[in-house]
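Student: Residue numbers (this note's numbering), protein chains in the order written: chain A, 16 to 196; chain B, 16 to 196; chain C, 16 to 196; chain D, 16 to 196. Note that the Cβ used here is the ideal one computed from N, Cα and C, for glycine as well. Sharing a structure below in structure tokens format, with a few things to ask.
Encoded structure:
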């Protein structure tokens with residue numbers, strides 16, 4: 016499991032979807048989640064860089080967990096996701112800041128076919144309100160952009176969540192490029 | 016053969032011509048083609064990630080093959096290509112969405128010299144109509160853009176098809192940058 | 016120590032924050048600093064690529080040290096920094112040239128939360144005046160942009176200084192992308 | 016020597032200054048030059064990927080040499096260069112197409128300090144006229160852009176020529192970004 020997390024952490028950094036420490040990934044194992052620690056470098060996740068959190072009992076989080084742990088936990092409690100990736104892809108962030116509405120409609124074929132539209136939600140990092148908005152958007156979508164902040168993407172595996180993340184950035188980049196002319 | 020596929024799959028991802036799973040590559044071996052499976056990660060192609068398809072007999076495809084297998088097959092049946100690369104380079108996709116006409120004329124010397132012009136075709140992913148349009152465009156060109164979708168490039172080797180793919184993206188990027196001022 | 020310098024030198028080049036030789040990094044060890052040599056390639060720092068400089072005695076620098084050694088030294092003398100990274104990230108440089116004022120306010124959440132605003136200072140490379148301006152700005156910030164030139168970022172570790180550097184570039188890229196529409 | 020060529024060929028591709036096969040590099044050894052072959056992939060230069068050419072005798076070139084061999088040869092005959100890099104960096108190519116004049120003046124400090132201005136010349140790839148224009152421009156500069164085509168940069172070592180190449184692209188990128196607002 017750790018090997019998978021390390022692999023996709025590295026891919027996220029190498030493909031420019033995350034720079035250095037900004038972002039976090041988790042997987043669900045039974046009624047627990049394993050999530051990267053606060054400030055973990057995602058391209059070098061190791062044993063000591065993750066933490067296990069019970070999905071039911073904890074009222075407050077271990078401070079070592081990522082600040083977004085609350086969002087990951089609510090996703091696992093309210094969807095069938097087994098993996099979550101939170102990234103900060105630059106074109107997705109920029110598009111979400113420029114768009115007034117509550118979603119982005121891809122212009123490229125894959126984005127349109129697989130994502131239909133990309134919902135945009137709002138909320139302070141690590142807040143309960145953000146967790147609720149993200150969970151709401153993920154009821155019928157695989158990925159969502161938090162305005163001015165980054166993406167949350169889900170899947171049965173980290174690979175699926177990674178695909179959704181890079182698809183969102185690809186669609187946002189193509190849309191951004193087209194919008195400039 | 017698999018080693019060559021793995022090598023150029025990796026190059027395509029590392030150079031940003033494909034993100035994660037979007038795209039597929041194949042080679043012709045006698046009257047068969049070896050093509051990446053549906054959803055294969057192109058930067059880690061292995062034995063289990065490809066499938067062999069007869070160019071003559073199959074009416075319908077093994078569902079494990081890439082959805083674009085029909086386009087690859089028609090290319091092999093109607094051209095002298097021995098290798099095909101389908102990629103989703105962002106500037107080529109964006110340019111094809113912004114251009115009204117049926118081709119893009121490169122502004123850079125190499126693009127102009129080697130590609131002359133880059134045809135643009137239309138059609139739904141995996142459709143017979145798309146296969147026909149792509150094959151038509153490849154009668155006298157080495158590469159083509161499917162509007163809003165991606166590129167198909169051919170060669171005697173994967174290396175040749177890779178060169179055409181990256182040349183198309185380079186020409187489209189230069190043209191895009193110039194068009195903005 | 017050298018291993019840490021080599022690691023973050025490589026990361027800076029791979030993530031596009033520095034191209035080839037432009038930039039330098041240092042760490043403080045007691046009353047000395049270890050800094051990359053003039054013209055050192057940051058993605059291949061070795062034993063012979065760094066030089067040790069006393070923070071107190073030298074009036075003039077060993078010519079083998081980076082031309083920015085004076086700025087690094089003044090930072091160590093006037094702040095609690097234990098590591099300094101000087102990079103040339105393209106969006107930060109471009110933004111600093113286009114902005115008239117003395118700071119850039121990030122639009123993305125992390126930039127706003129962690130950096131508040133990014134100060135911009137001026138001064139000739141390697142000059143005492145530049146050193147003073149940079150030190151002044153770093154009294155209450157972790158990073159600063161020298162207009163038209165590059166960034167200086169500080170931390171208790173190279174990792175912290177690296178995070179600040181990539182956060183500045185991320186915020187400047189998002190702001191640049193948004194400013195274009 | 017081959018090891019140095021392989022090293023900088025790889026760096027050029029990895030940093031996006033060259034895509035796949037477009038570009039070539041050479042070094043001078045006494046009265047000969049060693050140059051990459053026509054169509055060599057620069058990120059995997061090996062023994063078989065280079066060719067030795069006498070700087071004095073050959074009237075016509077071995078067809079296996081790069082088409083730009085004539086430019087490399089004239090540079091060695093008319094300057095003190097011991098290494099030459101020809102690359103196709105996208106922002107340098109785009110800027111040269113948009114600028115009407117015969118040079119680009121960098122806006123960033125390093126570009127301005129080290130390059131002063133970047134000359135632009137014209138001429139067909141592989142032509143004697145192009146060779147003469149490039150050689151003319153390199154009498155008092157370390158690098159030049161061929162309009163709509165790419166860069167030629169020189170040095171005592173491949174490292175120097177590499178630095179000039181990446182400095183030109185950095186300056187052109189910063190200038191491009193600034194020109195858009």
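Measure from the alpha carbon of residue 152 of chain B to the alpha carbon of each residue in B:130, B:141, B:171, B:173, then state which is nearest.
Tutor: Counting from 1 along the second chain, the entry for residue 152 of chain B is found at position 137. The option with the nearest alpha carbon to residue 152 of chain B is B:130.
Student: Check distances from the C-beta atoms of the stretch 97–113 of chain D to those of chain B and list, in chain order, the residues that come in under 8 Å.
Tutor: Residues 103, 105, 106, 108, 109, 112, 113.
Student: Please check if any C-beta of chain B sits within less than 7 Å of the C-beta of residue 185 of chain D.
Tutor: As a working note, residue 185 of chain D is residue 170 in the fourth chain. False, the Cβ-Cβ gap to chain B never drops below 7 Å.
Student: How would you write the range of the alpha helix (DSSP H) that residue 180 of chain C sits in, first residue to last?
Tutor: As a working mapping, residue 180 of chain C is identified with position 165 in the third chain. Per DSSP, residue 180 of chain C belongs to the alpha helix (DSSP H) from 173–194.
Student: Sort out for me which residues DSSP pairs residue 71 of chain A with in a bridge.
Tutor: Against the first chain, residue 71 of chain A aligns to sequence position 56. Partner(s): none; residue 71 of chain A has no beta bridge.
Student: Under the criterion of a Cβ to heavy atom distance below 6 Å, does residue 104 of chain B qualify as lining the ligand GDP?
Tutor: Looking for the ligand GDP in the displayed structure turns up nothing, as the structure carries no ligands at all.
Student: Once you ignore the five residues that flank residue 156 of chain A on each side, which residues in its own chain have a CB closer than 6 Å to its CB?
Tutor: By 1-based counting over the first chain, the position of residue 156 of chain A is 141. For residue 156 of chain A, where only same-chain residues beyond five positions count, the Cβ hits under 6 Å are 134.
Student: Quick check on this structure: which residue in B:193, B:174, B:91, B:187 has the alpha carbon closest to the alpha carbon of residue 149 of chain B?
Tutor: Within the second chain, residue 149 of chain B is the residue found at index 134, counting from 1. With distances taken between Cα atoms, residue 149 of chain B lies closest to B:91.
Student: When we look at the beta-carbon of residue 159 of chain B and count the other beta-carbons within 10 Å, is it buried (16 or more) or exposed?
Tutor: Here the question's residue 159 of chain B lines up with position 144 in the second chain. Buried, by the Cβ-count rule.
Student: Are any of the Cβ atoms in chain B nearer than 7 Å to that of residue 163 of chain D?
Tutor: Sequence index remark: in the fourth chain, residue 163 of chain D carries index 148 (1-based). Closer than 7 Å to some Cβ of chain B, the Cβ of residue 163 of chain D qualifies, so yes.
Student: Based on the DSSP output, what are the partners of residue 118 of chain D in its beta bridges?
Tutor: As a working note, residue 118 of chain D is residue 103 in the fourth chain. In DSSP, residue 118 of chain D forms a bridge with D:134.
Student: Going along the chain, which residues of its own chain have a beta-carbon closer than 7 Å to the beta-carbon of residue 71 of chain D, five neighbours each way excluded?
Tutor: On the fourth chain, residue 71 of chain D is found 56 positions in, with the first residue counted as 1. Cβ within range, chain order: 46.
Student: Any beta-carbon of chain C closer than 7 Å to the one on residue 188 of chain D?
Tutor: Counting from one through the fourth chain, the residue named residue 188 of chain D turns up at place 173. Residue 188 of chain D belongs to the set of residues whose beta carbon lies under 7 Å from a beta carbon in chain C.
Student: Check whether chain A comes within 7 Å of residue 35 of chain B, counting only Cβ atoms and requiring the distance to be less than that.
Tutor: Residue 35 of chain B sits at position 20 when you count from the first residue of the second chain. For residue 35 of chain B, the nearest CB of chain A lies under 7 Å from its own CB, placing it at the interface with that chain.
Student: Using a C-beta cutoff of 7 Å, does residue 168 of chain A count as contacting chain C?
Tutor: Looking up residue 168 of chain A in the first chain gives position 153. Not an interface residue.
Student: Measuring only the C-alpha atoms, how far is residue 16 of chain D from residue 175 of chain D?
Tutor: Numbered from its first residue, the fourth chain carries residue 16 of chain D at position 1. Numbered from its first residue, the fourth chain carries residue 175 of chain D at position 160. Roughly 15 Å separates the two Cα atoms.
Student: Rounded to the nearest angstrom, what separates residue 80 of chain A and residue 154 of chain C at their Cα positions?
Tutor: Position 65 of the first chain, counting from 1, holds the residue named residue 80 of chain A. Position 139 of the third chain, counting from 1, holds the residue named residue 154 of chain C. Approximately 30 Å between the Cα atoms of the pair.
Student: Using a threshold of 7 Å, state whether the C-beta atoms of residue 178 of chain C and residue 36 of chain A are closer than that.
Tutor: Here residue 178 of chain C refers to the residue found at position 163 of the third chain. Here residue 36 of chain A refers to the residue found at position 21 of the first chain. In contact: residue 178 of chain C and residue 36 of chain A (Cβ atoms closer than 7 Å).
Student: Using a Cβ cut-off of 8 Å, pull out every chain D residue sitting near residue 69 of chain B, in sequence order please.
Tutor: Reading the second chain from its first residue, position 54 is the one you call residue 69 of chain B. Near residue 69 of chain B there are no residues of chain D at all, since even the closest Cβ is about 32 Å away, more than 8 Å.
Student: Do you know how far the Cα of residue 26 of chain C is from the Cα of residue 68 of chain A?
Tutor: Residue numbering aside, residue 68 of chain A sits at position 53 when the first chain is read from its first letter. Residue numbering aside, residue 26 of chain C sits at position 11 when the third chain is read from its first letter. Their backbone Cα atoms lie some 31 Å apart in a straight line.
Student: Nearest chain C C-beta to residue 146 of chain A closer than 7 Å, yes or no?
Tutor: Counted from its first residue, the first chain places residue 146 of chain A at position 131. So, not an interface residue.
Student: With DSSP as the reference, please indicate the residues paired to residue 100 of chain B in a beta bridge.
Tutor: Against the second chain, residue 100 of chain B aligns to sequence position 85. According to DSSP, which records beta bridges pairwise, residue 100 of chain B is partnered with B:40, B:168.
Student: Verify the CB distance criterion: does residue 175 of chain B have a CB-CB separation below 7 Å to chain D?
Tutor: Taking the first residue of the second chain as 1, we reach residue 175 of chain B at position 160. Chain D contact via Cβ: absent.
Student: Can you tell me which of the three DSSP states residue 90 of chain B falls into?
Tutor: Your numbering for residue 90 of chain B matches position 75 in the second chain. In this structure, residue 90 of chain B counts as helix in the three-state DSSP scheme.
Student: Going along chain D in order, which residues have a C-beta closer than 9 Å to the C-beta of residue 140 of chain C?
Tutor: By 1-based counting over the third chain, the position of residue 140 of chain C is 125. In chain order: 124, 125, 128.
Student: Do you know offhand how far residue 18 of chain C's Cα is from residue 58 of chain C's?
Tutor: Along the third chain, one-based indexing puts residue 18 of chain C at 3. Along the third chain, one-based indexing puts residue 58 of chain C at 43. Taking the Cα positions, residue 18 of chain C is about 12 Å away from residue 58 of chain C.
Student: Among the candidates D:97, D:108, D:56, whose CA atom is the shortest distance from the CA of residue 193 of chain B?
Tutor: Within the second chain, the letter at position 178 stands for residue 193 of chain B. Nearest of D:97, D:108, D:56 to residue 193 of chain B, Cα basis: D:108.
Student: With a 10 Å radius around its C-beta and 16 neighbouring C-beta atoms as the bar for buried, classify residue 48 of chain D as buried or exposed.
Tutor: By one-based count along the fourth chain, residue 48 of chain D stands at place 33. That one is buried.
Student: Give the interface partners of residue 192 of chain B over in chain F, defined as CB-CB distance under 9 Å, in chain order.
Tutor: Of the chains in the structure shown, none is chain F; the protein chains are A, B, C and D.
Student: Can you give me the C-alpha to C-alpha distance between residue 100 of chain C and residue 62 of chain C, rounded to a whole angstrom?
Tutor: Against the third chain, residue 100 of chain C aligns to sequence position 85. Against the third chain, residue 62 of chain C aligns to sequence position 47. So the two alpha carbons sit approximately 18 Å from each other.
Student: Tell me whether residue 128 of chain A is buried or exposed, calling it buried when 16 or more other Cβ atoms sit within 10 Å of its Cβ.
Tutor: Reading the first chain from its first residue, position 113 is the one you call residue 128 of chain A. Residue 128 of chain A is exposed by the Cβ-count criterion.
Student: Verify the CB distance criterion: does residue 178 of chain A have a CB-CB separation below 7 Å to chain B?
Tutor: Along the first chain, one-based indexing puts residue 178 of chain A at 163. The beta-carbon of residue 178 of chain A is placed less than 7 Å from the nearest beta-carbon of chain B.
Student: Taking just the CA atoms, how far does residue 51 of chain A sit from residue 54 of chain C?
Tutor: As a position in the third chain, residue 54 of chain C is number 39, starting the count at 1. As a position in the first chain, residue 51 of chain A is number 36, starting the count at 1. Straight-line Cα distance between these residues: approximately 37 Å.
Student: Using beta carbons (cut-off 7 Å, strictly below), is residue 45 of chain D in contact with chain C?
Tutor: Sequence index remark: in the fourth chain, residue 45 of chain D carries index 30 (1-based). Interface with chain C (7 Å Cβ-Cβ cutoff): residue 45 of chain D is excluded.
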